[in-house]
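S.K.: Quick one: this structure, given as structure tokens, is what I'll be asking you about.
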Amino acid sequence: MRIVLLGAPGSGKGTQAALLTRQLGLPHISTGVLLRAAVSAGTDLGKKAKAVMDRGDLVSDDIMLGLIEERLGQSDVQGGFVLDGYPRNIAQAEALDALLKRLGQPVEEALQIDVDEEQVIARISGRAAAEGRVDDNEAVVRNRMKVYAEQTAPVIAFYARKGVLTRILGEGSIEEVFQRINSVLRSRA
Ligand code: ADP
Numbered sequence: 006m007r008i009v010l011l012g013a014p015g016s017g018k019g020t021q022a023a024l025l026t027r028q029l030g031l032p033h034i035s036t037g038v039l040l041r042a043a044v045s046a047g048t049d050l051g052k053k054a055k056a057v058m059d060r061g062d063l064v065s066d067d068i069m070l071g072l073i074e075e076r077l078g079q080s081d082v083q084g085g086f087v088l089d090g091y092p093r094n095i096a097q098a099e100a101l102d103a104l105l106k107r108l109g110q111p112v113e114e115a116l117q118i119d120v121d122e123e124q125v126i127a128r129i130s131g132r133a134a135a136e137g138r139v140d141d142n143e144a145v146v147r148n149r150m151k152v153y154a155e156q157t158a159p160v161i162a163f164y165a166r167k168g169v170l171t172r173i174l175g176e177g178s179i180e181e182v183f184q185r186i187n188s189v190l191r192s193r194a
């Protein structure tokens with residue numbers, strides 16, 4: 006199954022993606038993880054991306070498309086994937102759509118994890134303390150929320166138009182949210 010997870014920073018999409026990939030035996034493709042790996046490895050791409058990420062802005066569409074094309078070209082994605090953090094704007098959604106069309110592997114499910122903004126800010130402050138991510142301080146989080154509202158939220162409508170979008174209520178425990186996702190996927194089988 007080819008799944009895209011959508012949701013604001015702190016919505017829990019990374020956590021749900023990890024649970025889902027373990028259960029389905031699919032690769033978890035997280036652009037945040039790929040970018041942070043490039044930053045720690047000190048590659049050219051990592052050097053270009055770091056300052057942008059630290060501000061909470063979006064890394065350029067060109068860089069992201071190169072990264073995602075390379076990842077989707079690897080053999081482990083043949084049986085499907087869970088994409089987490091991409092697409093993050095309409096240009097990326099269109100580029101992904103064209104790429105997957107070329108591969109004959111369109112997105113089958115877009116799951117939008119929907120949480121209230123106040124909850125998200127509270128969660129992210131907790132994560133900042135636990136993981137020490139530079140982009141989790143309050144000013145940067147506010148910018149990431151703004152970028153989400155302006156650029157990423159329209160991607161929800163993009164997948165709704167394609168008839169593959171389902172909204173998942175992101176409130177409650179991790180297990181509760183995961184159960185909601187599972188019941189949606191079960192109803193498709
Ligand atoms: P979160 O889900 O908490 O927003 P991520 O780990 O997915 O965090 O992403 C962290 C940062 O990496 C983003 O704020 C952004 O700078 C960069 N990034 C990740 N995915 C993309 C993307 N598809 N396009 C542009 N930038 C991205």
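What the sequence shown shows, in the working numbering, is residues 6 to 194, in sequence order. Think of the CB as a built atom: it goes at the ideal place given N, C-alpha and C, for glycine as much as any other residue. None of the values given here were measured: they were computed from a predicted structure.
1) Scan the stretch 102 to 180 and note each continuous beta strand (DSSP E) run of 3 residues or more that stays entirely inside, going in chain order.
2) Buried or exposed: where does aspartate 81 fall if 16 or more other Cβ atoms within 10 Å of its Cβ makes it buried?
3) Verify the contact flag: glycine 90, CB atom, against every heavy atom of ligand 1, threshold strictly below 7 Å.
4) Pick helix, strand or coil for serine 9, following the three-state DSSP scheme.
5) Determine which residues share a DSSP beta bridge with aspartate 89 and list them.
6) Using the Cα positions of alanine 46 and valine 38, report the straight-line distance between them to the nearest angstrom.
M.R.: The answer reads as follows:
1) 114 to 119, 170 to 174
2) exposed
3) yes
4) The sequence given here has valine at residue 9, not serine. DSSP places valine 9 in strand when its eight states are reduced to three.
5) Leu10, Ser35
6) 12 Å
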